[in-house]
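Heads up, the sequence shown is in our numbering, so the first residue is -14 and it goes up one at a time.
The C-beta atom is built at its ideal place from N, Cα and C for all residues, glycine as well.
Since this is a predicted model, take the numbers as computed values, not measurements.
To start, the structure itself, in structure tokens.
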Amino acid sequence: MKLFELLQSQITELTDLEPEDITLDTLLDDIHLVSLDFVSIQVALKREMGIQLNFDKFQRDNTTTIGDFVNYVSEAIK
């Protein structure tokens, strides 16, 4: 599963959004995720892709869109 598709799937499970509502340009503020949602995403990333993220750093960075989030995760796994 590709990273964007995994994030899209997790976000649709956590919100009332449909997959087609979530694009790389979707603003994270528009999704209204809470900290527990980010924990769920973190667990899914670890389970599905073996990726461990530091969400404290993520929150300090200028991550505003799903595309920024995908880039952040991609950089974290390099």
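Check: Alpha helix (DSSP H) segment containing residue 63, residue limits; Outcome: No alpha helix (DSSP H) holds residue 63; DSSP gives it neither H nor E.
Check: Complete runs of the alpha helix (DSSP H) confined to the stretch -14 to 27 [at least 4 residues]; Outcome: -12 to -1, 13 to 16
Check: Beta carbon of residue 12 nearer than 8 Å to that of residue 59; Outcome: no
Check: Residue 49 - partner residues in DSSP beta bridges; Outcome: Answer is none; residue 49 lacks a bridge partner.
Check: Beta-carbon contacts of residue -3 that lie in its chain and below 6 Å, excluding the five residues immediately before and after; Outcome: 4
Check: Burial state of residue -5, where buried means 16 or more other Cβ atoms lie within 10 Å; Outcome: buried
Check: Cα-Cα separation between residue 0 and residue 55, rounded to whole angstroms; Outcome: 18 Å
Check: Exposed unless 16 or more other CB atoms sit within 10 angstroms - verdict on residue 7; Outcome: buried
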